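Taken in sequence, the protein lines are chains A and B. Sequential numbering from 1 applies to the first sequence in my numbering. Sequential numbering from 1001 applies to the second sequence in my numbering. By construction, the Cβ of each residue, glycine as well, lies at the ideal position given by its N, Cα and C atoms. All values derive from a computational prediction rather than experimental measurement.
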Amino acid sequence: MAKKLPKLGIHLNLLKPQSNPEKIFVKLVKWLLSTGRYIFIFVEGVVLIAFISRFKLDADIASKKEAIDQQIPYIESLKSYEVLIRQTQLKLSTIDSTKISSLNYADILKKIANQTPGGVKIISINLQKKDVSQVTIQLSGQSQNNNDLSIFTSGLKQDQNFSDVNISSIGLEKGLINFSINASFKQTAGEVSS
Amino acid sequence: MKPNSSIYSRYFTYIKPVTRLPIVKTYGSTIFTLIIIIIFIFFAIKPTVETILVLQKKLTETSDVLDKVNKKANDLSLGKQNFDNLDPTIKSKLTQAIPDTVTLKSITQALEQTAKLHEASVSALQIQPIVINTKSENSAGTLAEIDFTFNIEGEYENLIALLQDLKSSSRLISIDSLSLSKLTEGSGLIMSITGKGYYIK
């Protein structure tokens, strides 16, 4: 039995006329029926998918718009309530922030009074709110002697609420010491809320 | 006799058709395919894909709007329910604390009554000029302040009690500065308070 020889992979079309080239129109038709076919099918496929998805997207957008249009009259009917609610929220937040930031001036005056010895007389006192918890104090007074004034200033300095305590002016008049003190007072969180 | 073509042949040259060029013969169909693909990409696929993308973006935006509208409707519904359930006395207190109009009367009343309660005499009450604008019905409004200066005379203990009472006044009052000094006559003190009240503009 004869051995089967392997096939050669050469495809030679000897019938194709080499001397007489095909016309462009024929070439075009052949291209359209081979490579062009796949390109056209792909493009048509893409266009068809887009066409169908456009229908779907348009329908989705229309349904969403319809849902929005249905909600708008309901929201508009509650407009007066919205204004009332917003005003109430604004009032509540203002009351809250004002209460938090309000300083207890009576407590500050009491603390100054507690540090004042018997020989010191306060003539005037100014409290100016600096920020949420801080007050600048300017006070002027009279002291019978140097020792009382020293006790007063050291008492203020020892109190943790007071800071930057300094005597801005001092003078002697009719045997009494006239003085002015500048200081800062910081209220702690617990004191502010009370 | 020579034919005319051979006589004038030196004046002519043969131009080979482009389609017969070897390069065109070999790669012509490939180049044509590429050109067609490019044309389709630019004139058919690109506009189609762009349209789809635009529609998808529009759909996302509409979905967001719908979500927000639904959320707003739910929030308003819940807000209305909560507002209706709010105790009328709380509503009244809120309106007293921060009224919807300037209502200077309530500030002066609050200050005068507190002074009267603690046996202090009012020596001056000055309210800073305020500009009153027409209020829009459909807006929540903004917070406005009424600045005032309040001078009272009285005993130290009474003035301290007055200060404590102002904190719990029916009209919300905030004190910015305070000065206390001795009266030239008598044993009393004069206290000057600079503060502000609030209203919804």
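Check your understanding: Applying a beta-carbon distance threshold of less than 8 Å, which residues of chain B neighbour K130 (chain A)?
Key -> Within the first sequence, numbered from 1, the residue matching residue 130 (chain A) stands at position 130. The contacting residues do not exist; K130 (chain A) stays about 10 Å from chain B at best.
Exercise for review: Provide the residue span of the beta strand (DSSP E) that contains N166 (chain A), from first to last.
Suggested key: Translated into positions along the first sequence, residue 166 (chain A) becomes position 166. Where N166 (chain A) is concerned, the enclosing beta strand (DSSP E) stretches over F162 to E173.
Review point. Comparing the C-beta of D60 (chain A) with each C-beta of chain B, is any distance below 7 Å?
Key: Within the first sequence, numbered from 1, the residue matching residue 60 (chain A) stands at position 60. Taking Cβ atoms only, chain B reaches closer than 7 Å to D60 (chain A), which makes this a yes.
**Study point:** Proximity below 7 Å, CB of A990 (chain B) to CB of Y74 (chain A)
**Key:** Lying before the first or after the last residue shown, residue 990 (chain B) is absent from chain B, which here runs from 1001 to 1201.
Review point. Taking contact to mean at least 3 C-beta pairs separated by less than 8 Å, is the region 1188-1201 of chain B in contact with the region 1149-1161 of chain B?
Key: Three or more beta-carbon pairs drawn from the region 1188-1201 of chain B and the region 1149-1161 of chain B are found closer than 8 Å, and the two stretches are therefore classed as touching.
Check your understanding: Any idea if K64 (chain A) is buried or exposed, counting beta-carbon neighbours within 10 angstroms, 16 or more meaning buried?
Key -> Along the first sequence, one-based indexing puts residue 64 (chain A) at 64. By the 10 Å Cβ count, K64 (chain A) comes out buried.
Review point. Under the three-state reduction of DSSP, which class applies to S1077 (chain B): helix, strand or coil?
Key: On the second sequence, position 77 is the one that residue 1077 (chain B) refers to. Helix at S1077 (chain B).
Check your understanding: So, is P1099 (chain B) buried or exposed, given that buried needs 16 or more other C-beta atoms within 10 angstroms?
Key -> Residue 1099 (chain B) sits at position 99 when you count from the first residue of the second sequence. Result: buried.
Check your understanding: In whole angstroms, what separates the C-alpha of A1097 (chain B) from that of A1110 (chain B)?
Key -> In the second sequence, the residue the question calls residue 1097 (chain B) occupies position 97. In the second sequence, the residue the question calls residue 1110 (chain B) occupies position 110. A1097 (chain B) and A1110 (chain B): Cα-Cα distance of roughly 11 Å.
**Study point:** Under the three-state DSSP convention, the category I122 (chain A) falls into
**Key:** Locating residue 122 (chain A) in the first sequence gives position 122, counting from the first residue. Here I122 (chain A) sits in strand by DSSP.
Review point. Got a sec? Which residues, its chain only, sit under 7 Å from G155 (chain A) by beta carbon, not counting five neighbours each side?
Key: On the first sequence, residue 155 (chain A) is found 155 positions in, with the first residue counted as 1. Residues of the same chain with a CB within less than 7 Å of the CB of G155 (chain A), apart from the 5 flanking positions on each side, are Q115 in chain order.
Review point. In terms of residue numbering, what span does the alpha helix (DSSP H) encompassing N178 (chain A) cover?
Key: For the purposes of this step, residue 178 (chain A) is taken as residue 178 along the first sequence, with counting starting at 1. N178 (chain A) -> not in any alpha helix (DSSP H); beta strand (DSSP E) instead, spanning L176 to K186.
Practice item. Identify, in the order they occur along the chain, each residue of the same chain with its Cβ nearer than 6 Å to the Cβ of M1 (chain A), setting aside the five sequence neighbours on each side. Key: Numbered from 1 along the first sequence, position 1 holds the residue referred to as residue 1 (chain A). Residue placement at M1 (chain A) is flagged as unreliable, the pLDDT there being 48, under the threshold of 50; the coordinate-derived value follows with that caveat. Cβ within range, chain order: n/a, list empty.
Exercise for review: Apply the 10 Å Cβ neighbour rule to I100 (chain A) and answer buried if 16 or more other Cβ atoms are within range, or exposed otherwise.
Suggested key: In the first sequence, counting from the first residue as 1, residue 100 (chain A) sits at position 100. Result: exposed.
Review point. Interface residues of chain B around S124 (chain A) at Cβ under 9 Å?
Key: Position 124 of the first sequence, counted from the start, is the residue given in the question as residue 124 (chain A). The contacting residues are S1179, L1180, S1181 and K1182.
Check your understanding: If you draw a straight line from the alpha carbon of T1114 (chain B) to that of T1095 (chain B), how long is it in whole angstroms?
Key -> The sequence position of residue 1114 (chain B) within the second sequence is 114, counting from 1. The sequence position of residue 1095 (chain B) within the second sequence is 95, counting from 1. Those two C-alpha atoms are separated by around 19 Å.
Review point. Can you name the residues that DSSP bridges to K1116 (chain B)?
Key: Along the second sequence, one-based indexing puts residue 1116 (chain B) at 116. Its beta-bridge partners do not exist; DSSP assigns none.
Check your understanding: Taking buried to mean at least 16 other C-beta atoms within 10 Å of its own C-beta, is D148 (chain A) buried or exposed?
Key -> The count along the first sequence starts at 1 and reaches residue 148 (chain A) at position 148. That one is buried.
Exercise for review: Take F179 (chain A) and list the residues in its own chain whose beta-carbon comes closer than 8 Å to its own, dropping the five residues that flank it on each side.
Suggested key: Within the first sequence, the letter at position 179 stands for residue 179 (chain A). Answer for F179 (chain A): S140, G141, Q142, S143, L149, I167, S169, I170 and G171, listed in chain order.
Practice item. Using a Cβ-Cβ cut-off of less than 7 Å, list which residues of the region 1061-1083 of chain B approach chain A; keep chain order. Key: T1062, S1063, V1065, L1066, V1069, N1070, K1072, A1073, L1076, G1079, K1080 and F1083
Check your understanding: Is the shortest distance between the beta-carbon of Y1198 (chain B) and the beta-carbons of chain A less than 7 Å?
Key -> Within the second sequence, residue 1198 (chain B) is the residue found at index 198, counting from 1. Yes, contact with chain A.
Check your understanding: How long is the line joining the alpha carbons of Q71 (chain A) and A62 (chain A), rounded to whole angstroms?
Key -> On the first sequence, residue 71 (chain A) is found 71 positions in, with the first residue counted as 1. On the first sequence, residue 62 (chain A) is found 62 positions in, with the first residue counted as 1. Straight-line Cα distance between these residues: approximately 14 Å.
**Study point:** Y81 (chain A) (DSSP reduced to helix, strand or coil)
**Key:** Taking the first sequence and counting its residues from 1, the one referred to as residue 81 (chain A) is at position 81. Here Y81 (chain A) sits in helix by DSSP.
Check your understanding: Is it the case that the Cβ atoms of F1150 (chain B) and I1107 (chain B) are separated by a distance below 7 Å?
Key -> As a position in the second sequence, residue 1150 (chain B) is number 150, starting the count at 1. As a position in the second sequence, residue 1107 (chain B) is number 107, starting the count at 1. By the CB criterion at 7 Å, F1150 (chain B) and I1107 (chain B) fall outside the cutoff.
**Study point:** Distance, T98 (chain A) Cα to K91 (chain A) Cα
**Key:** As a working mapping, residue 91 (chain A) is identified with position 91 in the first sequence. As a working mapping, residue 98 (chain A) is identified with position 98 in the first sequence. When rounded, the distance between both Cα atoms is 10 Å.
Practice item. Identify which residue in A:K186, A:G45 and A:G36 has its Cα closest to the Cα of K129 (chain A). Key: On the first sequence, position 129 is the one that residue 129 (chain A) refers to. Of A:K186, A:G45 and A:G36, the residue nearest in Cα terms is A:K186.
Check your understanding: Between the Cα of R37 (chain A) and the Cα atoms of B:I1038, B:T1033 and B:L1159, which residue gives the shortest distance?
Key -> As a first step, residue 37 (chain A) must be located in the first sequence, where it is residue number 37. The candidate whose alpha carbon is nearest that of R37 (chain A) is B:T1033.
Practice item. Could you work out which residues of chain A lie near G1141 (chain B), taking near to mean beta carbons separated by less than 7 Å? Key: Within the second sequence, residue 1141 (chain B) is the residue found at index 141, counting from 1. By Cβ distance, chain A contributes Q87.
Practice item. Please report the Cβ distance between K79 (chain A) and N1138 (chain B), rounded to the nearest whole angstrom; I am assuming they are in contact, meaning their Cβ atoms lie under 8 Å. Key: Position 79 of the first sequence, counted from the start, is the residue given in the question as residue 79 (chain A). Position 138 of the second sequence, counted from the start, is the residue given in the question as residue 1138 (chain B). At roughly 6 Å, the Cβ-Cβ gap stays under 8 Å, so K79 (chain A) and N1138 (chain B) are in contact.
Practice item. For my contact list, Y105 (chain A) and L1104 (chain B) are in at a C-beta cut-off of 8 Å; report their separation, rounded to the angstrom. Key: By 1-based counting over the first sequence, the position of residue 105 (chain A) is 105. By 1-based counting over the second sequence, the position of residue 1104 (chain B) is 104. 23 Å between Cβ atoms; not a contact.
Review point. Under 7 Å between C-beta atoms, does A1115 (chain B) make it to chain A?
Key: Position 115 of the second sequence, counting from 1, holds the residue named residue 1115 (chain B). So no, A1115 (chain B) is outside the interface.
Practice item. Quick one: which residues of the region 1034-1058 of chain B get their C-beta closer than 8 Å to a C-beta of chain A? List them in chain order. Key: I1036, I1037, F1040, A1044, I1045, T1048, V1049, T1051, I1052, L1055, Q1056 and K1058
Exercise for review: Compute the minimum distance between the beta carbon of I61 (chain A) and the heavy atoms of the ligand COA, and state whether it is under 6 Å.
Suggested key: Here there are no bound small molecules, and the ligand COA is not part of this structure.
Point to revise | Residue from A:L109, A:S34 and A:K30 whose Cα sits closest to the Cα of Y1163 (chain B) | key: Counting from 1 along the second sequence, the entry for residue 1163 (chain B) is found at position 163. Note on identity: in this sequence residue 1163 (chain B) is Leu, with Tyr being the wrong assignment. Comparing Cα-Cα distances from L1163 (chain B) to each of A:L109, A:S34 and A:K30, the minimum goes to A:L109.
Check your understanding: Under 7 Å Cβ-Cβ, which residues of chain B neighbour L78 (chain A)?
Key -> Taking the first residue of the first sequence as position 1, residue 78 (chain A) is located at position 78. What L78 (chain A) touches in chain B: L1076 and K1080.
Check your understanding: How about S184 (chain A) and T153 (chain A): do their beta carbons lie closer than 7 Å?
Key -> Here residue 184 (chain A) refers to the residue found at position 184 when the first sequence is read from its first residue. Here residue 153 (chain A) refers to the residue found at position 153 when the first sequence is read from its first residue. No, they are not a contact pair.
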